[in-house]
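Chains as they are written, first to last, in my numbering: chain A, 3 to 675; chain B, 3 to 675; chain C, 3 to 675.
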Amino acid sequence: MTGLDALTAAHGVLYGGDWNPEQWTPDVWREDVALMCAAGVNLVSVGIFSWATLEPEPGRFETAWLDEVLDLLHGAGIAVDLATPTASPPPWLAHRHPETSAVDAQGVRMSVGSRNHFCPGSPVYRDHVAAVVRHLVDRYADHPAVAMWHVGNELGQTCWCDLCAERLRTWLRRRYGDVDALNAAWATAFWSQRYSCFDEIVPPRAAPYLHNPAAELDFRRFTSDQLRDVYRLQAAIIRERSDAPVTTNVMNFFPGVDQHAWADDVDVVADDCYTDPADASSPARAALAHDLVRGVRRGQPWLLMEQAAGAVNWRAHNVPKSTGAMVLDSLRAVAHGADGVCYFQWRASTGGAERFHSAMVPHAGPDTDLHRAVRAQGALLQRLRPVVGTRVDARVALVFDWPSWWAGELLPARPSMRLDVLGQLAAYHEPLWRAGIATDVVPPSADLDGYDLVIVPSLHAVTDADAANVARVPERGGVLLVGPFSAVADEHARVRRGRFPVPWADVLGASGEDWRPLEDEGVVVASDRYGDFVATTWSEHVRSDGAAVLATYADGDLAGRPALTRRTHGAGDDAGQAWYVTTVPPRDVLAAVVADCVAAAGVTAPLSDVPEGVEIARRGDVLFVLNRSRAKQTVRLPAAATDLLTGDAVADELLLPAEGAAALHLAPTERTR
Amino acid sequence: MTGLDALTAAHGVLYGGDWNPEQWTPDVWREDVALMCAAGVNLVSVGIFSWATLEPEPGRFETAWLDEVLDLLHGAGIAVDLATPTASPPPWLAHRHPETSAVDAQGVRMSVGSRNHFCPGSPVYRDHVAAVVRHLVDRYADHPAVAMWHVGNELGQTCWCDLCAERLRTWLRRRYGDVDALNAAWATAFWSQRYSCFDEIVPPRAAPYLHNPAAELDFRRFTSDQLRDVYRLQAAIIRERSDAPVTTNVMNFFPGVDQHAWADDVDVVADDCYTDPADASSPARAALAHDLVRGVRRGQPWLLMEQAAGAVNWRAHNVPKSTGAMVLDSLRAVAHGADGVCYFQWRASTGGAERFHSAMVPHAGPDTDLHRAVRAQGALLQRLRPVVGTRVDARVALVFDWPSWWAGELLPARPSMRLDVLGQLAAYHEPLWRAGIATDVVPPSADLDGYDLVIVPSLHAVTDADAANVARVPERGGVLLVGPFSAVADEHARVRRGRFPVPWADVLGASGEDWRPLEDEGVVVASDRYGDFVATTWSEHVRSDGAAVLATYADGDLAGRPALTRRTHGAGDDAGQAWYVTTVPPRDVLAAVVADCVAAAGVTAPLSDVPEGVEIARRGDVLFVLNRSRAKQTVRLPAAATDLLTGDAVADELLLPAEGAAALHLAPTERTR
Amino acid sequence: MTGLDALTAAHGVLYGGDWNPEQWTPDVWREDVALMCAAGVNLVSVGIFSWATLEPEPGRFETAWLDEVLDLLHGAGIAVDLATPTASPPPWLAHRHPETSAVDAQGVRMSVGSRNHFCPGSPVYRDHVAAVVRHLVDRYADHPAVAMWHVGNELGQTCWCDLCAERLRTWLRRRYGDVDALNAAWATAFWSQRYSCFDEIVPPRAAPYLHNPAAELDFRRFTSDQLRDVYRLQAAIIRERSDAPVTTNVMNFFPGVDQHAWADDVDVVADDCYTDPADASSPARAALAHDLVRGVRRGQPWLLMEQAAGAVNWRAHNVPKSTGAMVLDSLRAVAHGADGVCYFQWRASTGGAERFHSAMVPHAGPDTDLHRAVRAQGALLQRLRPVVGTRVDARVALVFDWPSWWAGELLPARPSMRLDVLGQLAAYHEPLWRAGIATDVVPPSADLDGYDLVIVPSLHAVTDADAANVARVPERGGVLLVGPFSAVADEHARVRRGRFPVPWADVLGASGEDWRPLEDEGVVVASDRYGDFVATTWSEHVRSDGAAVLATYADGDLAGRPALTRRTHGAGDDAGQAWYVTTVPPRDVLAAVVADCVAAAGVTAPLSDVPEGVEIARRGDVLFVLNRSRAKQTVRLPAAATDLLTGDAVADELLLPAEGAAALHLAPTERTR
């Protein structure tokens, strides 16, 4: 059995947080469990940073405290997500085996005293990981409280040490077979980098100038794969003895882990998502992150493993959430497919580097506004049981790929550092999010047949096969929207020769010969359809090879050349379309372009008119309406519905208080599509 | 005998600077001494960076030049502050013993060719220090010119090497006894940092993420203590043979040395204070620094050991002082308790890294405006003999503590990096300085009974005992003013559990549950007493538990909650008050709050009306009036006085030219309090 | 035979670029050579980064490919600039001999995988360099295609390793003879830095604070000399067998190489010059760079070895050139004395770190606007054969010196980091460039007798001999214009004692005693001649000792003191003048001052009235007129001429289209001077 089914069947929407009993005395444990029950908590993650407590000396395990903790939780009916404590080895490991600590690109070995200092390639580290996980699994696999396994924490280490260098070479040997294949893929003829054998290869350590981009790209692939090895080592030991689902918490758009390559290794996608109350774009970015992680395992319900109840502590200035925003963040996750919302952490630590991170029980204790809101939220979430297990039905796909991101944004010496992959992704996602149109973020290798509209905001590097997969969209009658600087390179970051985007020039009916980053003032673009506008950052020297020209550069070196094109494939109802945006239009123009593509694809939004500050998202038969504004809002509905959060019937007008929300259960016949 | 008494008895106000004869030929020495005499110089610091000259090879000492220098000075009646040359060991030491050079947190060993590269924990360095100091003391302890000893220079090294790691462990063993006590104090249960023995502990070297805050705090304590050991080693050798006072030059708010912990080790506090002519806040900051160093040894007269006569060279753009500002800087120091003002340095170097630092004799020689001003200042200072040895009588205390500063400003991952301890200290000090109200900066463990008003702008971490010491102020009828984010943590940076500020919630009659850094636009605060205002940076979710609410948040999440409270203790003339400011008010509002506290404490200013740009400060019976502005100013006086600087009688109105000053000797009956 | 004579005699203006056939298959070679012929390419640089291809394993050379390449080029009549491939050794070298890789100031050894990672001091590296160069020379010295040799590429490595430390000590022993001389030159009495023997000296590695400036200065000298050794080693091997000119490509104002010290080592100065289309000051800076490199070998024609045809890839945002700007950049170089213009690179790479650098053949192939412009430019350049070998006849010299630049701009702890040598140089050069007045940038040791006006914008450090050389200018009847903070130091960065500028106080008739960086708002300067203006950044406390005062500080500390002076030497037609500017005037005021000096020197501009956006430059009998603006322009000419670019006769008015240009061949009698 995989996924969250068993857990949610028993508990409804999951609710809880990281709990670190090793920081507290047993009397606090008992107070905590009572408070959890009062708050409706039904899932806690235990033991994430407990290695030094569990194994205070090599081979000597102390588990009595954990026995008691698990029994306590089980007695209270709270499920346990039991962590392998491998994110931070105890100081004794580095003391006895210095090579178990990671080394940075300058050759500096990481010290103990922080966290996550381990070298993921160290055999000694891996041996100790295996031993502690085996001990934990042997002891607790059959404990009735244990409902899920949590491997490590935010796996993300990059290490440049000699041990990792050796593993890198092994990985490269496996990938390329012989060194000539590597030399070709890495284009080592440039700058006299040809390797005569694999032994000469080292990780991209400190160098006088730019590194080989293909080498950097493969080092990122290797690093993600090596972290997956560390995960797999632990998951395998768990699965020998336990049927409970195994997961690890990821960090959505974190560059260090290619989640698409890990999809089959986790039974549940568990994500850490920290919105920033001081950043107005944060809700849209959170929704994008949710659409990403939901897409990793093809729409399967996921788990919001970590978020903050109030403020975080790691920004320079940490504005806290209001209690209203806390609830909206949770409901947004559920609306976008989460079956549970958890927090870092249950009780605020008094010491350590995160003592100023908010928690479900603050330093001032449970008799506080924050904790009262936590308790009220628990009650609210229990009313959302009808959404558990349901799917978000998306007809729009946004294409995103880790290696392409690495190649397109994280390598230096590109035409412009101002054109970034994530920024483009967010720009194309935002109008969809504002309209409440469900969108899956998927890799370019995904089965795209289920989508009426496929948007490729910025896919810098793409394999031939993936390029062909995307190109089929308009050919089969779908709508394809391609952003600038796309399909530029192959999977080794080698620029494709010919008129760009080489693999899509035909399907777009347009092709280019020069990327032209713009001076700061931008360039005027003329368009009958969208009105004249000023485009910024980027332009491309393109010609139409059959596509309709919807906008034209009006001044500058490209005056008279196409800025935006659309080729129609086929005719009539089955006609497909291929749109090509060669610049960075202003937000409203891009929104109009996306809206045109949405309409062309026959996709409709759940509501036709959404007030500013109100956010909608549909999941299954439930339409979530979230009022982020500090004013009350009225939302017109197409039909009557029932608000799951209150149990009230709602006629054609929904009134929401400031920071209020509704989860409208639509009668099946009233579905908006 | 300690302190400056013998020196000032002989010379009056001390005046002089660092003199580095090893950079010059004997003919320049003789010119210099003649110029010193003409300028009224009576104290020079000699030999600070002379180790390589004194001991050109290990164990071979060359002192003939220094014999001659001391004789020359003595012959001219100039006292010598003889330095141990230990700040910068000669290159031969690092060449023969590489481990005598410090190592940074990345493991990089410091090179020779600069200064202060030594490792303070190296036994070999310490042995060589002992040898050179012993040689110097043996030779010169009885030399009649030697009136004071100057140990090293600006002691401030932090070293992360293995030798220092070993000393750190010894220091920790002594502090904590057993490792479990350390584990508890450092909260090592967080992030699996539990140490199984002291041997596993290393300094906070390069790590992948945040360090344990308690470990960082103790490393700062250890570093300050280790530097004190280097000082003590030398002071002890000196004191075996000499009765002259021993000092070292500190750098007021320098984080590396906890001066309060060194107070009993120095006979005189000697401070280096460099104002910045391009920074309008610099005079206030200098006055604050003076109030700090005077407080270190409980008000005893101190020595301004280094300042600049014109420009410094180490800022990115070094605007020089006017000659008027040069004099005002000196008079400010005397007004705030200094019995001497010296400079870095007497004669400008032609080579080396500080060749562009101004000096009392510039490169262009003595026939220059700058040197003429230096000479005129010498004459002026001689007229201030009546202030020598007198005390600044302060009834207001400002509480400041190095470890609390470290915990509250220098550790990362706090609620906001924008709320800084020194900034808060300066904000609460400034209105007192503007009014000319004498203020001592004291540690929280100080005897506070002598103060009518005690201000705690930002005391992040505090021991239980110190917290109780502060809490007694309103209980005994004094006025206590507490700023935001105070008494948050204990001495290990562990957040105190409960409603904050936990140890003062009762005495303040108010308590809080959430620190809430503000969005950039701030928040409106409504107050009948102070008018409505916009507070910025910070707010706290607080309730009154009996205190009067003097201002209330008017919008945002905290609308309606107290922003400023005052609890009255007792009644009638003996009533104490406890004020609590939970935010960062604008400057004028904070000035009004401080003025109310001053009035409540029964403290009065020396003058009731001070023009903008004029600065006053009272020391003993002398009221200093400094006109920093470039316009002449008129100051109304309560009574007639005599201006020590001119000898003139002044009636009820004092006229000062641009950048002019007066030192008014008040008749005892005319004292303003 | 040296220089470009043989090459240009055969080919006219040289045209081509770097070609890296090792990145391509032989079919691409043949396409490339055909395209080169069509574009008028007559010179290509081959093999710059080919070491790993040439010598895939130690001692095993593969040259068949290069044989074919050279034969192909020779068959097409294209001359070859054959490179020694020593800029980037193959990975096998670092793998077998880690000490052949450079180490930075923090002790980090550079990794392979980038380029130019070699340690220039490593004997093993040098042995391998000698071997590969010898092999190349033996094989190709007699190949008829080889017309020039290109040693390495952009030599610029700085290395702090122990091998280089040993070489540094040897270099210092040779420079100073005994260590006391070094101690005196380095002023090591400051900060106890006295060395007891050379063995104690290390390069300026990571240190706790500022390094000794003289040590830094000598390290820069040593580094430049050591790179010259690497060059000389290769040039010597080449010259044993070949008479073709030897060069290496420099980077004009690159601090790492003192070109004046290399002048006699190169047969041709070959420069890499990359304008920035997004920076309006870029054309003026390029002209300044051209005037610099032309001056290195006393006006001999030089070669623009590298420029970009479109965009570069190493800025954060790389705005491309228009095709018009591409041509103007080439013509500017020729107008300023270049006999050839080449590009990096011929064909755009698909892989490697510079895959997004533009090329003469872009990724999209030859059927592109960019390549068509490259071809058209080839035809244009062939029409400029009459300028080949001719000289730029400059009567104005701008004095610049690498060691003085190092001392005055690159050492820290100066009075102001805002006053920079290159900025001052550019400020004084710009009005000359705008007027089309030919200017040579020369070292202070140059023979200045040929110049009527000598400008010294910012010569911080100067030897006595060079100072005297400059001082003779007004004495022999020339005009000397000196900028602020000049002649401050000697060649060891030691400040000269006395009234500044010490060696020129007499010739200027003015002297100063204090450098006074200004507050941000600047200072008002009053002048009858130039009108009142606001000067910024810098002021000096100066008095006139006989000079006329042309402008006076009107407020601030220096009110009433001279800001600008002029001393006249002699009388009548032979009178010389010495001007002294003590501040940073606004651009228009500085232009007026320079214009006055130009007039005083009897220098006239080629045209009296040049429209904004039009740039003129005269070389021999040809006046280049370049219209950088995006509008057409009319330029009035003093007399009829022939436009070499079109062959058309031009009467008294020249009409230029947007980004158009003319090369007017003046009848000898019509010369403007």
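Here a beta-carbon is modelled for each residue, glycine too, at the ideal position from N, C-alpha and C.
Taking the Cα positions, Tyr430/C is about 37 Å away from Leu421/A.
Beta-bridge partners of Leu668/A (DSSP): Ala643/A.
In this structure Leu333/A is buried. Its beta-carbon is surrounded by 16 or more other beta-carbon atoms within 10 angstroms. Ser116/A is positioned such that its CB atom lies no closer than 7 Å to that of Glu101/A. Under the three-state reduction of DSSP output, Gln579/B falls in the strand class. Taking the C-beta atoms as reference points, His145/A is found nearer than 7 Å to Leu72/A.
Cβ neighbours of Ser198/A within its own chain (closer than 8 Å, five residues either side excluded): Val181. Scanning its chain for C-beta atoms nearer than 6 Å, with the 5 sequence neighbours on each side dropped, one finds around Arg111/B the residues Ser103, Val105, in chain order. In chain order, Val110, Arg111 make up the part of chain A whose C-beta sits under 8 Å from the C-beta of Gly109/B. Against chain C, a Cβ distance below 8 Å from Gln25/B picks out Ala189, Ala191, Phe192.
With contacts defined as CB atoms closer than 7 Å, Ser418/A and Pro519/A qualify as a contacting pair. The three-state reading of DSSP puts Phe63/A in coil, since its state is none of H, G, I, E or B. Note that the C-beta distance between Arg349/B and Ala361/B is below 7 Å. Taking Thr567/A as the centre and dropping the five residues before and after it, the same chain places the C-beta of Ala512, Ser546, Ala549, Val551, Tyr582 closer than 6 Å to its C-beta, in chain order.
The three-state secondary structure of Glu521/A, taken from DSSP, is coil.
Proximity of chain C to Ala311/B at the Cβ level (cut-off 9 Å) is not reached, the minimal Cβ distance being about 11 Å. Membership of Glu542/A in the beta strand (DSSP E) is indicated by the continuous run 540 to 546. Under the three-state reduction of DSSP, Thr570/C is assigned to strand.
In the structure shown, Thr441/A adopts extended strand secondary structure according to DSSP, grouped into three states. Contact between Leu668/C and Asp611/C does not hold, since the beta-carbon distance rounds to 17 Å and is not under 8 Å.
In the DSSP assignment, Thr172/B falls within the alpha helix (DSSP H) that extends over 164 to 178. Around Ala40/A, no beta-carbon contact reaches into chain C at under 7 Å, the shortest distance being about 54 Å. Proximity of chain C to His97/B at the Cβ level (cut-off 7 Å) is accounted for by Asp201, Glu202, in chain order. At least one C-beta of chain A is nearer than 7 Å to the C-beta of Asp559/B.
Chain-order list of chain C residues neighbouring Arg357/B: Ala189, Phe192, Pro215, Ala415, Ala491, Ala495, Arg496, Val497, by C-beta distance under 9 Å. Taking the Cα positions, Ser284/B is about 34 Å away from Trp53/B. The straight-line gap separating the alpha-carbon atoms of Glu617/C and Gly524/C is approximately 32 Å. DSSP assignment within the segment 462 to 496 of chain C yields the following whole beta strand (DSSP E) runs of 3 residues or more, N-terminal first: 481 to 484.
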